[in-house]
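Participant:
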Amino acid sequence: MTDQENNETIGQNAGLGMSGGGKVVPMQNDPTAATRKDTWEEDGFTVVRGNARTAPGCHDNCGILMYIDKDGKLDHVEGDPDDPYNQGRLCLRCLTLPDVVYHKDRQLHPLKRDRADRGKDKWEQITWEEAYEICERELRAVQEKYGPQAIQVFCGTGRDIVGYHPMLANILDTPNQGMGFLSGQGCYVPRMFSTTMKIGNLYTGDYSQNWIDRYDNPNWVRPDYVVIWGNNPVVANSDGTLGHWIVECMKRGTKLITIDPKLTWCAAHSEYWLQVRPGTDSALALAMAHVIVEEDLYDHEFVDCWCYGFEEYQEHIKDWTPTRVAEICDIDEDLIWSAARALGNADGWALQWGVALDHTAEGFYSGASCYDLCALCGQFDKPGGMVCGKPSFGVPVTWIGSDTDWIPTKRNQYEHLHGDYPALRVIGMPSPDATLEALEGKYDYPVKAAWLQTNNCLANMGAQPQRIAKGLMEDDFNVVMDLWMTPTAMAVADVFLPVTTFPERFGLTGHQPYRTGAINKAIDTIGECRSDPQVVVEMGRIFKGADLFPWSDGEHFDEEAFYDYLLRNSGFTWDDLKSRTWAYPEMKYYRYKTGEIRDDGEPGFSTPTGRYEFYSVNLEAMGMRPLAFYEEPPESPISRPDLLEKYPLTLTTGARQWGFFHSEGRQVPHLRAIHPEPEVTIHPADAEKYGIADGDWVIIENQYGSCKQKAKIDIRIKQGVVSADHGWWFPERDREDGFFGTFESNINNCIPMRPGSTGLGCSYKSVLCSIRKA
Amino acid sequence: MANSEYGLLIDYHWCTGCKSCEMACSVEHDIPIGQFGIRVDQFGPWENAPDDWTYFFMPVPTDQCDLCAERTAKGKKPTCVHHCQAACMEYGKIEDLAKKLTDHPKQVLYAL
Ligand code: SF4
Ligand code: SF4
Ligand code: SF4
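Structural data, given as structure tokens:
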């Protein structure tokens, strides 16, 4: 078997992206659907109802009402009070949407630049035809000279591209598609992959989001506890979870347990707050499991009937005593006992996990160790526990998966750039860390072209960004598609493609499994922008010919026909969806008991044993450790005492900020005013020790590099830990001035491009550093 | 002038400090950056006793608040109330809102 085939087999066993037997899933009763309008007149405005997705980026799809004036201009937006998803609420980013749509800095036309002028402001406006001609010529040249695997198809997060990029990889015949230069594919992939090995599907906390009548649904039960683990949900709105759903649960009696080195609002409103040292989450989960098993608080029925490998697990967690782990995590031992007992005694509880779990080298296992706790307590598929996240109505582009069967491809003939890492070998994703080494000639694999869509890796997630800039500036060809001239585009692009904002396009919602919704076009396209999926499809016409398209003659992109095609197995049409704006699939609990989880219709979970696997048969078969474990981060006060004299503090990065989405939003005056400069949060005791006053510019430094941020002195952060902003660049500065000054305050200068042993997991939240006044 | 019979009830126990009220107000009323129709203040964090924190947010309407006179005249909610992410703000007649104050602690009623 090639790796690709192997991946597909494992993927099928695991039920990844499968719709569940190809049956049409019925909709939930939707009392207002018949009378719901997608457009109407109100006070001199035309109102268009839709979902907020994308660009700009976000992990959510809030219901939005777009108010269009007589001249066809987006005047303002309001949250849609009738939409069950957000029930009227909007965050800062959508409230300021018109400022993005009509921003003077938006790029409205395709651009080209001579390869020799990379990094220089020597752009020339061109037509789409010319842009595509260049892309075709250069990408074909790379394919012919080095093989199609030399093209890297890289996305980032938050735009609706994750479901469409696998199509582009098929179109370009390359096996290399993923989150470019995010070390260790360290966002959701480590958690998702390890837990899918254990249970076969992804499960998310049950905040009633699967029900059209939400908190009033009689089948829904509010969780007794929500365990907020390495996440600040009200700010982050991560992974398709609207954080304030948890506040609604709290109003109904839910209590919180928060695990975070920082005192967030949620932490302060928690029954238990465990202020762990960054990177030690797995150890804590093992100790909590230890308590739950030792005190016999686990769910015997679930463990006996529906789990596999409990004996090995029980043996494994024996040594992970709260006494030992309290020392590892640097917390009070009593807190471990109390929090674990609370979970053991609770009826339903939900895990609200965050990217912090992925952001330690062995982060591949952190998510798995938390899922083990859910399994011990029998929380899967239970009301107020964890609900199964399959793509709603079997439309995979909207969640995890893609719809690629209609695109003939040679990508499977090439080995992907897995860097010899076992998890990446299996999952079929390239290793961004190995990609960088290949660019630098340290790893033998051709990397000659990069297609970067939703990807501002030099300002945002690329670790050691100067290395990445140098590597990409020396390859043969790069394309960047974005709203703005970003630092990444400025440094490396040969062709720049302008993307539409969501009011300018149609589309399907995504990044969540609860429902399917329509992105509804409300205004004419501005300039010559095109949507992300449109460009993917048009590349298909160029590389595979017009007869590729099952839905049309392929001569031009018929947006609505395309989405109609993607909905072909859903039981409804694009027109239906557009006019109703949202559709909720039927929802049931305990589906593992009725054979509605596995594709073969048998009861149980989509794993080789049909059970939740404390001991993962698949992981063992792939040569990885079958049980969740804890390992010290490679650079911590415990693993590297030799570094402590120079770098005495633990550095954690990437805490989300109100108003920004990663590197987006810095050019929107209203948003920038809320958080005008890059900030590093320092405990008062540490600030005093290093002679730093609030508001001082501070140099953060370690063996990888340094950067400059402004000190915010705050007791919310754990003593001995500093928390630094990510994603900073300065759109107001000159483009050629260090690509908008992006390396100046880029905290990733201090983060290694180095995954954990599996190839997944990274070090964004767990390295050492020093601080001093600039 | 706002009709003084009406006010804003804020169940600030649930206020997460998300600033959607501030922003909704600013964009609706074209309030310049640096000025506010409503402003969210932070209290704390400080530790009252071990594991017991004072850390909360308090939205305070300013002189620029007209209780969204134009919107409310059309029967719509004020935009801050409409968009509040914690759904912890309510607009209504002061005498009706006042009755709710005895329900539970950590509420504040603004007569405007
Ligand atoms: S979470 Fe915020 S940015 Fe995302 S869709 Fe909702 S309102 Fe818009
Ligand atoms: S009621 Fe209207 S004017 Fe007053 S604070 Fe709220 S949004 Fe601003
Ligand atoms: S919108 Fe609501 S939750 Fe957000 S800061 Fe204002 S009052 Fe608080």
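For the protein sequence lines, the chains are Z and P, in the order given.
Heads up: the first sequence runs through residues 0 to 773, numbered per numbering that gives the first Met the number 0.
Heads up: the second sequence runs through residues 0 to 111, numbered per numbering that gives the first Met the number 0.
All residues carry an ideal CB built from backbone N, CA and C; glycine is no exception.
Using 9 Å as the limit for Cβ to Cβ distance, is residue 54(P) near chain Z?
Facilitator: Translated into positions along the second sequence, residue 54(P) becomes position 55. True, the Cβ-Cβ gap to chain Z drops below 9 Å.
Participant: Return the CA-CA distance between residue 651(Z) and residue 45(Z), expressed in angstroms with no decimal places.
Facilitator: By 1-based counting over the first sequence, the position of residue 651(Z) is 652. By 1-based counting over the first sequence, the position of residue 45(Z) is 46. For residue 651(Z) and residue 45(Z), the distance between alpha carbons rounds to 46 Å.
Participant: Quick one: which chain Z residues come within Cβ less than 8 Å of residue 99(P)?
Facilitator: Within the second sequence, the letter at position 100 stands for residue 99(P). What residue 99(P) touches in chain Z: nothing, since even the nearest Cβ is about 14 Å away.
Participant: If we cut at 9 Å on Cβ distances, does residue 105(P) have a partner in chain Z?
Facilitator: As a working note, residue 105(P) is residue 106 in the second sequence. No, its Cβ sits nowhere closer than 9 Å to a Cβ of chain Z.
Participant: Rounding to the nearest angstrom, what Cα-Cα distance links residue 45(P) and residue 164(Z) in this structure?
Facilitator: Position 46 of the second sequence, counting from 1, holds the residue named residue 45(P). Position 165 of the first sequence, counting from 1, holds the residue named residue 164(Z). So the two alpha carbons sit approximately 47 Å from each other.
Participant: With a cut-off of 9 Å, does the C-beta of residue 361(Z) fall near any C-beta of chain P?
Facilitator: Within the first sequence, the letter at position 362 stands for residue 361(Z). It does not; no Cβ of chain P falls within 9 Å.
Participant: When you measure from the CB of residue 629(Z) to every non-hydrogen atom of ligand 2, does any distance come out below 8 Å?
Facilitator: Here residue 629(Z) refers to the residue found at position 630 when the first sequence is read from its first residue. Every heavy atom of ligand 2 is 8 Å or more from the Cβ of residue 629(Z), so no.
Participant: Return the chain-ordered list of same chain residues with a C-beta closer than 6 Å to the C-beta of residue 36(Z), the five sequence neighbours on each side being excluded.
Facilitator: Reading the first sequence from its first residue, position 37 is the one you call residue 36(Z). Result list for residue 36(Z): empty, nothing under 6 Å.
Participant: Helix, strand or coil: how does DSSP classify residue 742(Z) here?
Facilitator: Locating residue 742(Z) in the first sequence gives position 743, counting from the first residue. The answer is coil: DSSP assigns residue 742(Z) none of H, G, I, E or B.
Participant: Quick test of your reading: residue 512(Z) and residue 388(Z), contact by CB under 8 Å. State the CB separation rounded to the nearest angstrom.
Facilitator: Walking along the first sequence from the start, residue 512(Z) turns up at place 513. Walking along the first sequence from the start, residue 388(Z) turns up at place 389. Right, their Cβ atoms sit about 4 Å apart.
Participant: Closest by CA to residue 605(Z), which one among 136(Z), 201(Z), 119(Z)?
Facilitator: Residue mapping note: residue 605(Z) aligns to position 606 of the first sequence, counting from 1. Measuring from the Cα of residue 605(Z), the nearest candidate turns out to be 201(Z).
Participant: Going along chain P, which residues have a C-beta under 7 Å from residue 780(Z)?
Facilitator: A question about residue 780(Z) goes unanswered here, because the residues of chain Z that appear run from 0 up to 773.
Participant: What residues are listed by DSSP as bridge partners for residue 399(Z)?
Facilitator: Along the first sequence, one-based indexing puts residue 399(Z) at 400. According to DSSP, which records beta bridges pairwise, residue 399(Z) is partnered with nothing at all.
Participant: Opposite residue 56(P) in the DSSP bridges: which residues?
Facilitator: Translated into the one-based positions of the second sequence, residue 56(P) becomes position 57. The partner list for residue 56(P) (beta bridge, DSSP) reads 41(P).
Participant: Tell me the residue span of the alpha helix (DSSP H) that contains residue 88(P).
Facilitator: Along the second sequence, read from residue 1 onward, the residue named residue 88(P) stands at position 89. Per DSSP, residue 88(P) belongs to no alpha helix (DSSP H); it is in the beta strand (DSSP E), 88-92.
Participant: Pull up the CB-CB distance for residue 95(Z) and residue 667(Z), whole angstroms please, since I reckon it's below 8 Å.
Facilitator: Residue numbering aside, residue 95(Z) sits at position 96 when the first sequence is read from its first letter. Residue numbering aside, residue 667(Z) sits at position 668 when the first sequence is read from its first letter. About 6 Å separates the two Cβ atoms, so the contact holds.
Participant: Please list the residues of the region 14-38 of chain P that have a C-beta atom closer than 8 Å to any C-beta atom in chain Z, keeping them in chain order.
Facilitator: Within the region 14-38 of chain P, the qualifying residues are 15, 16, 17, 18, 19, 22, 23, 25, 26, 27, 32, 33.
Participant: Secondary structure at residue 769(Z), three-state DSSP: helix, strand or coil?
Facilitator: Taking the first residue of the first sequence as position 1, residue 769(Z) is located at position 770. Correct three-state label for residue 769(Z): strand.
Participant: Under the three-state reduction of DSSP, which class applies to residue 701(Z): helix, strand or coil?
Facilitator: For the purposes of this step, residue 701(Z) is identified with residue 702 of the first sequence, where counting begins at 1. Residue 701(Z) falls in the strand class under three-state DSSP.
Participant: Please classify residue 477(Z): is it buried, with 16 or more other beta-carbons within 10 angstroms of its beta-carbon, or exposed?
Facilitator: Numbered from its first residue, the first sequence carries residue 477(Z) at position 478. It is buried - the Cβ of residue 477(Z) has at least 16 other Cβ atoms within 10 Å.
Participant: Taking 9 Å as the CB-CB limit, is residue 6(Z) close to chain P?
Facilitator: Sequence index remark: in the first sequence, residue 6(Z) carries index 7 (1-based). Because residue 6(Z) sits at a pLDDT of 38, beneath the cut-off of 50, its placement in the model cannot be relied upon, and the following sentence gives the value as read from the coordinates. So no, residue 6(Z) is outside the interface.
Participant: Is residue 662(Z) near residue 727(Z), with beta carbons less than 9 Å apart?
Facilitator: Residue 662(Z) sits at position 663 when you count from the first residue of the first sequence. Residue 727(Z) sits at position 728 when you count from the first residue of the first sequence. Against a cut-off of 9 Å, the Cβ pair of residue 727(Z) and residue 662(Z) comes out as a contact.
Participant: Touch check for the region 38-58 of chain P and the region 688-706 of chain Z: three-plus C-beta pairs under 8 Å?
Facilitator: No, because fewer than three Cβ pairs between the region 38-58 of chain P and the region 688-706 of chain Z fall closer than 8 Å, the two stretches do not touch.
Participant: Along the alpha helix (DSSP H) that carries residue 249(Z), what are the first and last residues, could you check?
Facilitator: For the purposes of this step, residue 249(Z) is identified with residue 250 of the first sequence, where counting begins at 1. Unbroken alpha helix (DSSP H) run through residue 249(Z): 243-250.
Participant: Could you please give the first and the last residue of the uninterrupted beta strand (DSSP E) stretch that includes residue 153(Z)?
Facilitator: In the first sequence, residue 153(Z) corresponds to position 154, counting from 1. Counting along the chain, the beta strand (DSSP E) containing residue 153(Z) begins and ends at 150-154.
Participant: Consult DSSP for residue 61(Z) and reduce its assignment to one of helix, strand or coil.
Facilitator: Residue 61(Z) sits at position 62 when you count from the first residue of the first sequence. DSSP places residue 61(Z) in coil when its eight states are reduced to three.
Participant: Alpha carbon to alpha carbon, how far is residue 568(Z) from residue 20(Z)? Give it in angstroms, no decimals.
Facilitator: Within the first sequence, residue 20(Z) is the residue found at index 21, counting from 1. Within the first sequence, residue 568(Z) is the residue found at index 569, counting from 1. Since pLDDT at residue 20(Z) reaches only 49, below the 50 mark, its modelled position is unreliable, and no value is offered.
Participant: Hey, is residue 15(P) close to ligand 3, as in C-beta under 8 Å from one of its heavy atoms?
Facilitator: By one-based count along the second sequence, residue 15(P) stands at place 16. True, at least one ligand heavy atom lies under 8 Å from that Cβ.
Participant: Listed in chain order, which residues are found with a beta carbon closer than 5 Å to a heavy atom of ligand 2?
Facilitator: Result (chain order): 24(P), 36(P), 37(P), 60(P), 64(P), 66(P), 67(P), 77(P), 78(P), 79(P).
Participant: Determine, using beta carbons only, whether residue 90(Z) comes closer than 9 Å to chain P.
Facilitator: On the first sequence, position 91 is the one that residue 90(Z) refers to. Yes, residue 90(Z) counts as interfacial toward chain P.
Participant: For residue 77(Z), which of helix, strand or coil comes out of DSSP?
Facilitator: Working through the first sequence from its first residue, we reach residue 77(Z) at position 78. It is a strand residue.
Participant: Between residue 67(P) and chain Z, is the shortest Cβ-Cβ distance under 9 Å, so that the two count as touching?
Facilitator: In the second sequence, counting from the first residue as 1, residue 67(P) sits at position 68. Chain Z, which has no Cβ nearer than 9 Å to the Cβ of residue 67(P), makes this no.
Participant: Excluding the five sequence neighbours on either side, which residues of its own chain have a C-beta within less than 8 Å of the C-beta of residue 242(Z), listed in chain order?
Facilitator: Stepping through the first sequence from its first residue, residue 242(Z) is reached at position 243. Cβ within range, chain order: 231, 232, 233, 234, 235, 236.
Participant: Does the beta carbon of residue 94(P) come closer than 9 Å to any beta carbon on chain Z?
Facilitator: In the second sequence, counting from the first residue as 1, residue 94(P) sits at position 95. No, residue 94(P) lies away from the interface with chain Z (no Cβ there is under 9 Å from its Cβ).
Participant: Quick one, what's near ligand 4 if you take every residue whose CB is closer than 5 Å to any heavy atom, in chain order?
Facilitator: For ligand 4, the structure offers nothing, since it holds only ligand 1, ligand 2 and ligand 3.
Participant: Run down chain P in chain order and give the residues with a C-beta less than 7 Å from the C-beta of residue 398(Z).
Facilitator: Along the first sequence, read from residue 1 onward, the residue named residue 398(Z) stands at position 399. Within chain P, no residue comes near residue 398(Z); the closest Cβ sits about 24 Å away, beyond 7 Å.
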